[in-house]
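Protein chains in written order, with our numbering: chain Z, 1 to 366; chain A, 1001 to 1376.
Ideal Cβ placement from N, Cα and C applies to all residues, glycine included.
Please read the structure below before turning to the comments.
Put into structure tokens, the structure is as follows:
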């Protein structure tokens, strides 16, 4: 161990190549992971805030929240389905608004106006008419408790009575209101998508049995007029979520592969360079295992340092690009990236193992 | 032995390390080209219908925040915009997503489609028809060719009622990452009403504008903003580039691509520097025997060119194969320009790598060969 660390201390320049490359790749991995988290978590907060195990859409909506419509009659059928113990309506309008007293397009707030009728672990019970719980992200735009937001084309006044965390929908911060207030906003802002009294877009279902059995029971009870999804399915049915997840996961996987390739390339070169040194050490009785551990330790130390450098660069980029890209740096993502980087670097350092084993101690004196 | 022969012989003798380097460059080039294609595909799928539209500009409701899908304008806004100086013609545009399926000639599964309604013969239509023709009557559509499987002659049935005949197909006309059908505004309005029976009216989403011959679209849009209250007028380019998601996607991918190219440069540069450093005794000896620096640098240059060219060719081939397999789920493709600019960047990085190695070779003192011999 002391040989490995001493070499790193005495000849850091030798490891600069792999260190810089791994630092760049660490930055890339953290950015890709941060973008994925920013896009997925920022898009799905409103759904993750729900406790219900089943989300019910109208069948012809293709699992689209905005196009789904559940009539009161259909809701009655859902409530009567075997195993269902409770239902709650949900409605959504993607809209804009502005704080009372402000003017101009620069002061507009992106809003996902969510109508709801059941509190959850994240959401308090619905507020009174004309009141709202605002997503905490709106605080960055100057919204405070007691603020009045004029929502949509109808400039419907909604007073903020509290804040909730992590409830955005498709990167738009949510404004949680009661269903009647939501219908007012929807009808004023989207006259072509107005909803009648009692109509909701999605029905949340609680019940006994598994979510899958509830899904079947509800869709059977409505005669196929509904398309029910489990909570996880509903989250991944949000526009773009599954595609973003697949694309970014593939990019992260490719980057990890490149990490392994570069590390192995570097250690192959290093092994070639150290051949006579390894032969001499073997002649002095140092085992192959010790030599491999030497390389692996160096790989781990270089990768660890590179991760720290890459992390600092990523933090700098996150500061510089704040608000321009949906980057969310989560500690768990950083830990996973760190472990993946170290594991891949360690595996990469094992690639020249065969060359090390084949080194003949006798070559030290030949 | 010339520098090229020297370089080739070394590559043959130490094939393993060069194969790994080619592999690393191949993977990195694949990675970068694939992302480049994804970026182009994503942007095209988001706003192709705006980019390849014949309108010079679009007028949104002021609450839209550059989002056509969130935009609503009052019906009388169309006439108000049409009356502004510099506007040749204005027409309503309606955009919405619907559930649909092809019912003929062969029925298939339901899918999401975007209806892009505009006044037939007026602004707002597509400008790159690749097959068939533009719609000329209600109930006809030109479809975006985004791998959605629409073809001229298909009949599309909307889930909430109504049928549409495909009379034309065009490239890069998708909107909001769904296949898009350009139809008459009336067809769009009927579909909207069928989808939302409670709708009190179907207002336009926006107003499409043709400006007078020779007029500057940006100046006309500014005039519209000044003359018509409650609207936000954008040129076609602004409408496409400032649409939600597009700017952030472009910025995110730019950072990723920059980091990727830096990694490629680091790998190529340092690898050849290490190789050069490992061969310093031999190179010093060759210098002492009269081989000129340029010849030795030429050998390194030959190796760099071969490694980079092979890595680029294999990476580009892999990318085109992956894209043709549709693995991205997007209408992503690589243009000649994409490949050309990637090759140019790689060429510059290779030149930098060569310069670093050549600098190291140039610093060799032939006398050191004698010293090395004395050491022996």
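**Message:** Along the region 1196-1219 of chain A, where does the CB come closer than 7 Å to a CB of chain Z? Name the residues.
**Reply:** 1196, 1198, 1199, 1200, 1201, 1202 and 1203
**Request:** May I have a chain-ordered list of the beta strand (DSSP E) segments no shorter than 3 residues that lie completely inside the region 1140-1166 of chain A?
**Result:** 1140-1144 and 1155-1158
**Request:** Using a Cβ cut-off of 9 Å, pull out every chain A residue sitting near residue 64 (chain Z), in sequence order please.
**Result:** 1097, 1099 and 1112
**Asked** Taking Cβ positions, are residue 1272 (chain A) and residue 1308 (chain A) nearer each other than 8 Å?
**Response** no
**Prompt:** Whose C-beta lies closer than 6 Å to the C-beta of residue 1140 (chain A) among residues of the same chain, with five residues either side of it excluded?
**Reply:** 1165 and 1167
**Request:** Can you check the region 136-194 of chain Z for any alpha helix (DSSP H) of at least 4 residues that lies completely inside it and give the ranges in chain order?
**Result:** 179-189
**Asked** Taking only beta-carbon atoms, is residue 1091 (chain A) less than 8 Å away from chain Z?
**Response** no
**Prompt:** If we count the other Cβ atoms within 10 Å of its Cβ and call it buried at 16 or more, is residue 74 (chain Z) buried or exposed?
**Reply:** buried
**Request:** Under 7 Å between beta-carbons, which chain B residues line up against residue 60 (chain Z)? List them in chain order, please.
**Result:** Among the protein chains of the structure shown, namely Z and A, there is no chain B.
**Request:** Determine the direct distance from the alpha carbon of residue 240 (chain Z) to that of residue 1031 (chain A), and round the result to whole angstroms.
**Result:** 21 Å
**Environment of residue 1126 (chain A) [buried if 16+ CB atoms lie within 10 Å]** = buried
**Prompt:** Does DSSP classify residue 91 (chain Z) as helix, strand or coil?
**Reply:** strand
**Message:** Taking only three categories from DSSP, how would you classify residue 373 (chain Z)?
**Reply:** Examination of residue 373 (chain Z) is not possible in this model, given that chain Z is present from 1 through 366 alone.
**Asked** Going along the region 245-256 of chain Z in order, which residues come within less than 9 Å of chain A, judged by CB to CB distance?
**Response** 246, 247, 250, 251, 254 and 255
**Asked** Listed in chain order, which residues of the region 1058-1071 of chain A have Cβ atoms closer than 9 Å to some Cβ of chain Z?
**Response** 1061, 1062, 1063, 1064, 1065, 1067, 1069 and 1070
**Request:** Return the CA-CA distance between residue 1035 (chain A) and residue 249 (chain Z), expressed in angstroms with no decimal places.
**Result:** 13 Å
**Request:** Measure the alpha-carbon distance for residue 1376 (chain A) versus residue 281 (chain Z) and round it to whole angstroms.
**Result:** Model confidence at residue 1376 (chain A) stands at a pLDDT of 44, short of 50, so the residue's coordinates are unreliable and nothing is read from them.
**Prompt:** Taking residue 258 (chain Z) as the reference, which of Z:338, Z:13, Z:12 and Z:22 has the closest Cα?
**Reply:** Z:22
**Prompt:** So, using beta-carbon positions, are residue 1361 (chain A) and residue 1283 (chain A) closer together than 8 Å?
**Reply:** yes
**Asked** Can at least three beta-carbon pairs, one atom from the region 1108-1118 of chain A and one from the region 1180-1194 of chain A, be found at a separation below 8 Å?
**Response** yes
**Closest by C-alpha distance to residue 15 (chain Z), when choosing among Z:308, Z:298 and Z:111** = Z:298
**Request:** Taking only the alpha-carbon atoms, compute the straight-line gap between residue 304 (chain Z) and residue 98 (chain Z) and give it to the nearest angstrom.
**Result:** 47 Å
**Message:** Tell me the residue span of the alpha helix (DSSP H) that contains residue 1195 (chain A).
**Reply:** 1185-1195
**Request:** Would you check if there are 3 or more beta carbon pairs closer than 8 Å linking the region 263-280 of chain Z to the region 39-57 of chain Z?
**Result:** no
**Message:** Short of 8 Å in beta carbon distance, which residues of its chain neighbour residue 1078 (chain A), apart from the five on each side in sequence? Order them along the chain.
**Reply:** 1090, 1091, 1092, 1204 and 1207
**Prompt:** How about residue 357 (chain Z): is its C-beta nearer than 8 Å to some C-beta of chain A?
**Reply:** no
**Residue from A:1263, A:1250 and A:1020 whose Cα sits closest to the Cα of residue 351 (chain Z)** = A:1020
**Request:** Return the residue from the list Z:310, Z:66, Z:127 and Z:35 that minimises the CA-CA distance to residue 369 (chain Z).
**Result:** The question about residue 369 (chain Z) has no answer here: the residues shown for chain Z are numbered 1 through 366.
**Asked** Taking the alpha-carbon positions, what's the residue 1133 (chain A) to residue 1151 (chain A) distance?
**Response** 12 Å
**Asked** Where do the N-terminal and C-terminal ends of the alpha helix (DSSP H) with residue 348 (chain Z) fall, by residue?
**Response** 331-350
**Request:** Check whether the Cβ atoms of residue 1159 (chain A) and residue 1100 (chain A) sit closer than 8 Å, and answer yes or no.
**Result:** yes
**Message:** If I measure Cβ to Cβ from residue 230 (chain Z) and keep anything under 7 Å in the same chain, skipping five residues before and after, which residues do I get?
**Reply:** 53, 54, 211, 212 and 215
**Request:** Please confirm whether residue 153 (chain Z) and residue 43 (chain Z) have their CB atoms less than 8 Å apart.
**Result:** no
**Request:** With a threshold of 16 other CB atoms inside 10 Å of the CB of residue 76 (chain Z), please say whether the residue is buried or exposed.
**Result:** exposed
**Message:** Run through the DSSP bridge pairs and tell me what residue 1053 (chain A) is partnered with.
**Reply:** A:1126
**Prompt:** Shortest alpha-carbon distance to residue 1155 (chain A) belongs to which of A:1170, A:1181, A:1171 and A:1175?
**Reply:** A:1181
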